[in-house]
Amino acid sequence: MTTPALLPLSGRRLPPLNLGASAFPHHRATLRLSEKFILLLILSAFITLCFGAFFFLPDSSKHKRFDLGLEDVLIPHVDTSKGGKNLGGFLIHGQGHDEHRHREEEERLRNKIRADHEKALEEAKEKLKKSRDEIQAEIQTEKNKVVQELKKKDSKPLPPVPLPNLIGINSGEPADPDIREKRNKVKEMMKHAWDNYRQYGWGHNELKPIARKGHSTNIFGNSQMGATIVDALDTLYIMGLHAEFREGQEWIDKNLDFSVNSEVSVFEVNIRFIGGLLAAYYLSGQEVFKIKAVQLAGKLLPAFNTPTGIPWAMVNLKSGVGRNWGWASAGSSILAEFGTLHMEFVHLSYLTGDPVYYNKVMHIRKLLQKMDRPNGLYPNYLNPRTGRWGQHHTSVGGLGDSFYEYLLKAWLMSDKMDTEARKMYDDAIEAIEKHLIRKSNGGLTFIGEWKNGHLERKMGHLTCFAGGMFALGADGSRDDKAGHYLQLGAEIAHTCHESYDRTTLKLGPEAFKFDGGVEAVAVRQNEKYYILRPEVIETYWYMWRFTHDPKYRQWGWEATQAIDKYCRVSGGFSGVKDVYSSSPTYDDVQQSFFLAETLKYLYLLFSNDDLLPLDNWVFNTEAHPLPVLHLANTTLSGNPAYR
Numbered sequence: 002m003t004t005p006a007l008l009p010l011s012g013r014r015l016p017p018l019n020l021g022a023s024a025f026p027h028h029r030a031t032l033r034l035s036e037k038f039i040l041l042l043i044l045s046a047f048i049t050l051c052f053g054a055f056f057f058l059p060d061s062s063k064h065k066r067f068d069l070g071l072e073d074v075l076i077p078h079v080d081t082s083k084g085g086k087n088l089g090g091f092l093i094h095g096q097g098h099d100e101h102r103h104r105e106e107e108e109r110l111r112n113k114i115r116a117d118h119e120k121a122l123e124e125a126k127e128k129l130k131k132s133r134d135e136i137q138a139e140i141q142t143e144k145n146k147v148v149q150e151l152k153k154k155d156s157k158p159l160p161p162v163p164l165p166n167l168i169g170i171n172s173g174e175p176a177d178p179d180i181r182e183k184r185n186k187v188k189e190m191m192k193h194a195w196d197n198y199r200q201y202g203w204g205h206n207e208l209k210p211i212a213r214k215g216h217s218t219n220i221f222g223n224s225q226m227g228a229t230i231v232d233a234l235d236t237l238y239i240m241g242l243h244a245e246f247r248e249g250q251e252w253i254d255k256n257l258d259f260s261v262n263s264e265v266s267v268f269e270v271n272i273r274f275i276g277g278l279l280a281a282y283y284l285s286g287q288e289v290f291k292i293k294a295v296q297l298a299g300k301l302l303p304a305f306n307t308p309t310g311i312p313w314a315m316v317n318l319k320s321g322v323g324r325n326w327g328w329a330s331a332g333s334s335i336l337a338e339f340g341t342l343h344m345e346f347v348h349l350s351y352l353t354g355d356p357v358y359y360n361k362v363m364h365i366r367k368l369l370q371k372m373d374r375p376n377g378l379y380p381n382y383l384n385p386r387t388g389r390w391g392q393h394h395t396s397v398g399g400l401g402d403s404f405y406e407y408l409l410k411a412w413l414m415s416d417k418m419d420t421e422a423r424k425m426y427d428d429a430i431e432a433i434e435k436h437l438i439r440k441s442n443g444g445l446t447f448i449g450e451w452k453n454g455h456l457e458r459k460m461g462h463l464t465c466f467a468g469g470m471f472a473l474g475a476d477g478s479r480d481d482k483a484g485h486y487l488q489l490g491a492e493i494a495h496t497c498h499e500s501y502d503r504t505t506l507k508l509g510p511e512a513f514k515f516d517g518g519v520e521a522v523a524v525r526q527n528e529k530y531y532i533l534r535p536e537v538i539e540t541y542w543y544m545w546r547f548t549h550d551p552k553y554r555q556w557g558w559e560a561t562q563a564i565d566k567y568c569r570v571s572g573g574f575s576g577v578k579d580v581y582s583s584s585p586t587y588d589d590v591q592q593s594f595f596l597a598e599t600l601k602y603l604y605l606l607f608s609n610d611d612l613l614p615l616d617n618w619v620f621n622t623e624a625h626p627l628p629v630l631h632l633a634n635t636t637l638s639g640n641p642a643y644r
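With my numbering applied, the sequence shown corresponds to residues 2 to 644, in that order.
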């Protein structure tokens, strides 16, 4: 991961490779034929087949084909005076008697073929008179009919399931007018981001706010799946932007189609699409979101068809063929990808009554529990064919991060009944604290990366989520260490704030070092960018919820002002390429996670705690809130992990 092209794209994200349709620009043009020519070929083949069927078969075959087997038909006996043999009440007609009937039948069929031939030629002439646009319109009409039939087939009604107790999906209005003004500013930024996407990128996955057109990356395949729409829905809802929410719902209902020949990231589609659709369903109660989530989940299941049950990184939504990233340690699957499915898949089983989703993620957990872990750490790579670890690289940043997050959140989402997940989390955090967490010479606590037997003293922006994770997991820690982990969370939050404060733009770099005299500062040029990431603000919000220390709101407001000043353009919001430059260049991408995560966490930071209270909601790694499944509600309580 030494070039920008291989760096993770978004919060708890994986490195994308640009192998989209643009890599093969002439493919479609080479294969395109005139519709008229194709039609003529089909008609010619049909006519040849018809004549060949009759004129080129041997006579005996013709008789057997066209006399309808009359020579052997049993006919009820009516009259024995016509020369037939009486055989137990039935007559068997002699072949000589019916030769003239064979000839009549053949003549009738010849006439029918001639008539069909002439009719086909007339239809062909009529088709060929039509313009190219008319023929294309007819083809599109037929395709639409097929799509609608498939949609009807896929839209089977799901079993009714009692909704969990949903608390705190509205309100959160702060009494303090200063805090209220800041919250309204965040809402205005969301409106600016959404309105420009609506105008310039509608239906595309993301927006290029300077070029003012749609944008996509290979994690979404080559299809326009409206990633920003799905990702932003729950943020729109909790901000009270209900007209915009209904716009998104209408697009999803009419246009979100998963029967496309497109290869997508299982991880990204799970956290953004399934997570986003489930959250929108729970908040609004609109069935269309649940139905779409289940349809998409069915398209991801073939990714699990590996020798070990560890899923491929990518799957083709149409064919079900899966594969892994070419750069990932000899064809390995990635810990943060196959380990970040549990929350969404448990909810899918809860809503459908189908245990297949739950079983898939529990199988992954059981396999990991059996494996040896070097120094108690989970390496980032696991081969789905052999079930063996790839290279021994451990990170709480990109490639590893959200695996640990989902262990903790599986426990929280189960109403703290999934003690197996909690134990795995506690064991992992103890190993991380022992081997990866250090203090710099300047007193900054950081989380390094374990590579080939030594610690790399570098921390990524992605790793900054861990401050919030430590605070979230403090309650319920072993050996009464809640205070210790809350303090650890505060120290990580402070370090990550320093990484922002030591830049010119007051926005954090992608990665920062702790070597010698350099602390919390990016050294390499390709680590100096900021792409609207949420992790630091996410940690500020969790720390605010658990401590109510006003500095977290102050730090969040600093970030809000910096984003609005340096990332805002007339067509939306863009990332910047160098946070140490006073006149940075833009990357011209408004990431979908900016609307899903960054702006949501800022809005929650300036809201009261009764908006999405953490006793009732657990946020997935894309900041999509999913309700806690209390034991009385869950359909999964028969599993030992939930007893």
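For every residue, glycine included, the Cβ atom is placed at its ideal position computed from N, Cα and C.
With a CB to CB cut of under 8 Å and the five nearest residues on each side skipped, what residues in its chain are close to residue i?
{"i": "F57", "result": "With a pLDDT of 45 at F57, under the threshold of 50, the modelled position of this residue cannot be trusted, and the question is left open."}
{"i": "K424", "result": "none"}
Let me confirm a value: residue i is counted as buried when at least 16 other C-beta atoms fall within 10 Å, else exposed. Which label applies?
{"i": "V322", "result": "exposed"}
{"i": "Y312", "result": "Note that residue 312 is Pro in the sequence shown, not Tyr. It counts as buried."}
{"i": "S132", "result": "exposed"}
{"i": "T3", "result": "No answer about T3 holds up, because its pLDDT of 36 lies below 50 and its placement is not dependable."}
{"i": "R554", "result": "buried"}
{"i": "L630", "result": "buried"}
{"i": "A429", "result": "buried"}
{"i": "E189", "result": "exposed"}
{"i": "N325", "result": "buried"}
{"i": "G517", "result": "exposed"}
{"i": "G648", "result": "Nothing can be reported for residue 648, as the shown portion of the chain is limited to 2 through 644."}
{"i": "Q235", "result": "Note that residue 235 is Asp in the sequence shown here, rather than Gln. Buried: at least 16 other Cβ atoms inside 10 Å."}
{"i": "M372", "result": "exposed"}
{"i": "H193", "result": "buried"}
{"i": "R115", "result": "exposed"}
Suppose the cutoff is 6 Å on Cβ atoms and the five residues either side in sequence are ignored; what does the same chain contact list for residue i look like?
{"i": "G484", "result": "none"}
{"i": "S450", "result": "The displayed chain sequence assigns Glu, not Ser, to residue 450. Cβ within range, chain order: S396 and E457."}
{"i": "N640", "result": "Confidence is the limiting factor: at N640 the pLDDT is only 42, short of 50, which leaves the residue's position unreliable and the question unanswerable from this model."}
{"i": "S403", "result": "R13, A337, T341 and T622"}
{"i": "S224", "result": "V261 and S263"}
{"i": "W556", "result": "H498 and Y541"}
{"i": "G377", "result": "A432"}
{"i": "S733", "result": "The chain is shown only over 2 to 644; residue 733 falls outside these bounds and no answer can be derived."}
{"i": "A244", "result": "none"}
{"i": "A304", "result": "V267, P312, W313, V316 and G323"}
{"i": "L489", "result": "F471"}
Out of the options, point me to the one whose CA is closest to residue i's CA.
{"i": "F515", "options": "L473, W556 and G461", "result": "G461"}
{"i": "F466", "options": "Y283, M344 and N621", "result": "N621"}
{"i": "K435", "options": "F447, K424, G443 and N442", "result": "F447"}
{"i": "A432", "options": "P380, K459, G388 and T420", "result": "P380"}
{"i": "K601", "options": "K186, D134, D258 and K120", "result": "K186"}
{"i": "W618", "options": "K417, L301, A228 and P160", "result": "K417"}
{"i": "I239", "options": "N219, E127, A280 and R479", "result": "A280"}
{"i": "A176", "options": "D611, P308 and P628", "result": "D611"}
{"i": "R366", "options": "H343, Y351, G354 and D355", "result": "H343"}
{"i": "G454", "options": "R479, A512, H394 and D476", "result": "H394"}
{"i": "F259", "options": "L297, Q287, Q250 and G222", "result": "L297"}
{"i": "V362", "options": "L110, Y407 and P375", "result": "Y407"}
{"i": "L508", "options": "G490, K566, K482 and G477", "result": "K566"}
{"i": "N442", "options": "P614, S478, D355 and V519", "result": "V519"}
{"i": "F594", "options": "A228, G241 and E119", "result": "A228"}
{"i": "L159", "options": "R247, G354 and G204", "result": "G354"}
Give every residue of the same chain whose Cβ lies closer than 7 Å to the Cβ of residue i, excluding the five residues on either side of it in the sequence, and list them in chain order.
{"i": "G276", "result": "E345, N621, E623 and H625"}
{"i": "G572", "result": "N197, Y201, P210, I211 and R213"}
{"i": "R33", "result": "Annotation note: pLDDT 40 at R33 (below 50); position unreliable, coordinate value reported separately. Excluding sequence neighbours, R33 sits near nothing in its chain."}
{"i": "P628", "result": "P165, L167, Y283, N617 and W618"}
(message) Runs of 4 residues minimum, wholly inside the region 285-313: which ones carry the alpha helix (DSSP H) assignment?
(response) 288-301
(request) Only counting runs of 4 or more residues, tell me where the alpha helix (DSSP H) segments fall wholly within the region 397-448, in order along the chain. (result) Correct list: 402-414 and 420-436.
(message) As an exercise, report each continuous alpha helix (DSSP H) stretch of at least 4 residues that is fully enclosed by the region 458-530, in chain order.
(response) 467-473 and 483-502
(request) Evaluate contact between the region 484-504 and the region 526-542, counting only Cβ atoms and requiring at least three cross-stretch pairs below 8 Å. (result) Yes, they touch.
(message) Quick check on the DSSP output: what are the complete beta strand (DSSP E) runs of length 3 or more inside the region 585-639, in order along the chain?
(response) 618-620 and 626-628
(message) Closer than 8 Å is the cut-off here; do at least three beta carbon pairs connect the region 524-531 with the region 576-584?
(response) yes
(request) Report yes or no: do three or more beta-carbon pairs, one from the region 542-549 and one from the region 470-477, lie closer than 8 Å? (result) yes
(request) Specify whether the region 375-393 and the region 317-334 touch according to this definition: at least 3 beta carbon pairs, one from each stretch, less than 8 Å apart. (result) yes
(request) With a floor of 4 residues, list each alpha helix (DSSP H) that falls wholly inside the region 217-263, ordered by position along the chain. (result) Listed in chain order, the complete alpha helix (DSSP H) runs (minimum 4 residues) inside the region 217-263 are 228-239 and 243-256.
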